[in-house]
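For reference, the structure is listed below as structure tokens.
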Amino acid sequence: MPFDPSDMDDLRLVTLAQLMKAGAWQLELAHDRAEHLLIWITKGQGVALIDGARRGIGTHNALFIPARHLMAIELMRGGFGQALVIPDSADLPLPQAVQHLRIRDVTAQGELTVLFEAMGREQNAARPLYHSAMHAYGELMAIWLRRYLPDEPAPGQSAARRLVLAYCDRLVQTYASGATMAEHAEALGVTPTHLTRVCRAETGRTAAALLTERQLHAARRLLITTKVPVQDIARHLGFGSAAYFTRFIQQHTQRTPTALRQMARSPA
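Using full-length UniProt numbering, the letters of the sequence shown map in sequence onto residues 1 to 268.
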């Protein structure tokens, strides 16, 4: 469509269920994404790992998670939420940090719900200029988000939170380096025991579990979305050998890498 380039930002609206259509692991394992997410939960409760902490989430909670921030979301059975997936290149007035808003004001709840519904209609109808319309609604959502940010600055972070955030950032940047949890702890200037204790207290996961989850998420994503040979995936993710990589996958999924790939490509 003239004057409506499809690559202007490629905003897309999905349900949380669609973000984990290959399995709950796609959201529940600690990982980071190349896009920003604006999540609006309208039913149910759950827990989330965001901003280096484990938080309870529930109905009428809005989450903004910038690209390349470690995250995990587990919504209990019967819960429902939607997510606006925003490319990192999109020119929208978005916050720079993770946001978790518990929206109690009925008017504010209705405003965001209406925007999600309108964007969903545009996306489904795909009428002329719908890319421009999606971008316009995305701008309105970004404005809504900024309007409801807390007026007061967030309290200062504790030393424990700063350490966990630094570790999460290392996992985002270097999870495929082959570095062990102990080597990450050394790079952060703490002992593995201290890092483990602080991560467990802040996130509900040990430092080793966070590293394992990030590697496992990357491995499973590559297995189901690419045709790259298993040995090349193992090498890319920093494993010493394809055999070690296979044992790692089997230990955490009870299936071989090849079996996981075949399952993902077989009809349900």
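Using N, Cα and C, we set each Cβ at its ideal position, and we do this for glycine too.
DSSP, read as helix, strand or coil, puts residue 261 in helix.
In the DSSP assignment, residue 108 falls within the unbroken alpha helix (DSSP H) covering 106-125. With contacts defined as CB atoms closer than 7 Å, residue 219 and residue 230 fail to qualify as a contacting pair. Setting aside the 5 residues that flank it on each side, residue 143 is surrounded in the same chain by 93, each with a C-beta closer than 8 Å to its C-beta; the list follows chain order. Under the 10 Å beta carbon count, residue 71 is surrounded by 16 or more other beta carbons and is classified as buried.
By the criterion of at least three beta-carbon pairs nearer than 8 Å, the stretch 165-182 is in contact with the stretch 191-198.
For residue 59, the secondary structure class from DSSP, reduced to helix, strand or coil, is coil. Per DSSP, the unbroken beta strand (DSSP E) holding residue 37 starts and ends at 35-43.
Checking the DSSP bridge columns, you'll see residue 46 partnered with 57 and 75.
When C-beta atoms of the stretch 28-43 are compared with those of the stretch 62-71, three or more pairs fall below 8 Å, so the two segments count as touching. Runs of beta strand (DSSP E) with 3 or more residues, each lying fully within the stretch 168-241, are absent. For residue 83, the uninterrupted beta strand (DSSP E) segment begins and ends at 80-87. The beta carbons of residue 11 and residue 30 sit about 25 Å from each other, so the pair does not count as a contact at 8 Å.
If you draw a straight line from the Cα of residue 186 to the Cα of residue 209, it is about 17 Å long.
Nearest in C-alpha terms to residue 258, of all of 240, 239 and 226, is 226.
Taking C-beta atoms as the reference points, residue 45 and residue 76 count as a pair closer than 7 Å. Between residue 16 and residue 58, the C-beta spacing is not below 7 Å. In this structure, residue 28 places its C-beta atom within 7 Å of the C-beta atom of residue 74.
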